[in-house]
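Counting from 4, one number per residue, gives the positions in the sequence shown under the working numbering.
Glycine included, C-beta positions come from ideal geometry on N, C-alpha and C.
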Amino acid sequence: MNEKYDVIIIGAGPAGLTAAIYASRANLEVLIIEAAVNGGKLSKTYEIENYPGIESISGLELANQLTAHGQKFGAKLISGEVTHVTGEGLKTVALADGRAFDCKAVIVATGTRERTLDLPHADEFTGRGISYCAVCDGFFYRNKEIVIIGGGNSALEEALYLASLAAKVTIVIRRDVFRADALVVDKVKANEKIEIITKHVPASLQIEDDRITGLNIRNVDTDEIQTIPCKGIFPYIGADPCTEFLDPSILDEKGYIIAKEDMSTSIEGIYAAGDCIRKDLRQVVTACNDGAIAANSIIKHLK
């Protein structure tokens, strides 16, 4: 017999943990399932400066606080990878290791995963020259030259962090303007250790003695190639939703979940919250908002 819960929350990021707070405070039996790290992308973020009421906090600290709060009122948290959500009425959530749990409602809060660098040998050098987490791997590039690819908030915030460790940081963007917030852009431009190269895209890796020694980049207007000497490359080139295990009928063409204002989907009993849903703004505060709404909607539905 499968263990039974009122609500199963898939994902322990800000959306899922906020939903757990609201649902467990309403005396619902709550199970949270996380495939990777509690706190989601927060745990990989150096600093958060736009969470209301907190001027500045490390991503890991906020992740730990949210995780503790999410469990405070009785929610159970386990590790596992969800492979299927099935059933009409009572739902069954199946995990890759063979475990399965039943529930009355599901909240999908799985977030997104970073896109990888699409260059020859990029997979081969992931973890030894190419990294997708500045907080995790920045230490290995102390006093070395590194390249960051991307012009959004994540790219620039990580550039500021890495500039405190590296000898030099070069940011490469496809366009001639940044997509990041003006405040972050100003900080980057004022940092003497950061160089900005616009209107270029990655072309190939420069490899010598089985190590990355540079990145070849191509000018989008002239096709001219130039080489940036570096020991490390940090791509921040977008993300895709983690929704492969869901019925395609509730997904849009990009794989994001189509959720209504109350966070419900077209399948009764399945709700969604956070970065994995179709929306314009993906931030910690909007994820928390989604999680609170999803939990409240389920509370009303079950009553």
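Under the three-state DSSP convention, the category residue i falls into
i           : result
residue 223 : coil
residue 124 : coil
residue 302 : helix
residue 40  : coil
residue 25  : helix
residue 240 : coil
residue 147 : coil
residue 261 : coil
residue 136 : coil
residue 82  : strand
residue 70  : helix
residue 7   : strand
residue 75  : helix
residue 47  : helix
residue 142 : helix
residue 235 : strand
residue 15  : coil
residue 65  : helix
residue 99  : coil
residue 160 : helix
residue 218 : strand
residue 20  : helix
Buried or exposed by the 16-neighbour rule on C-beta atoms within 10 Å, applied to residue i
i           : result
residue 100 : exposed
residue 93  : exposed
residue 47  : buried
residue 266 : buried
residue 113 : buried
residue 21  : buried
residue 252 : exposed
residue 284 : exposed
residue 187 : buried
residue 160 : buried
residue 5   : exposed
residue 263 : exposed
CB of residue i within 8 Å of CB of residue j, strictly
i           : j           : result
residue 172 : residue 185 : no
residue 201 : residue 219 : no
residue 237 : residue 302 : no
residue 37  : residue 8   : no
residue 137 : residue 165 : yes
residue 152 : residue 25  : no
residue 260 : residue 246 : yes
residue 279 : residue 115 : yes
Option nearest residue i by Cα separation, candidates the options
i           : options               : result
residue 75  : 86, 187, 30 and 63    : 30
residue 250 : 126, 55, 43 and 268   : 268
residue 242 : 248, 157 and 187      : 157
residue 88  : 271, 301, 293 and 299 : 271
residue 233 : 212, 144, 10 and 280  : 144
residue 288 : 17, 13 and 9          : 17
residue 227 : 13, 217 and 204       : 204
residue 224 : 189, 273 and 178      : 178
residue 313 : 41, 58 and 34         : Residue 313 is absent from the model: the chain starts at 4 and stops at 306.
residue 168 : 151, 235, 146 and 137 : 146
residue 42  : 297, 305 and 277      : 277
residue 104 : 10, 295 and 221       : 10
residue 197 : 72, 295 and 170       : 170
residue 27  : 111, 155 and 80       : 80
residue 45  : 70, 55 and 58         : 70
Min CB distance residue i to chain B below 8 Å
i           : result
residue 265 : The structure shown contains no chain B; it is built from a single protein chain.
Let me know the alpha helix (DSSP H) ranges lying completely inside the segment 163 to 209, each 4 residues or longer, listed in chain order.
-> Taking only runs of at least 4 residues, the alpha helix (DSSP H) segments lying wholly in the segment 163 to 209 are 185 to 193.
What are the start and end residues of each continuous beta strand (DSSP E) run of 3 or more residues lying completely inside the segment 264 to 298, in chain order?
-> Uninterrupted beta strand (DSSP E) stretches at least 3 residues long and entirely within the segment 264 to 298 occur at 273 to 275, given in chain order.
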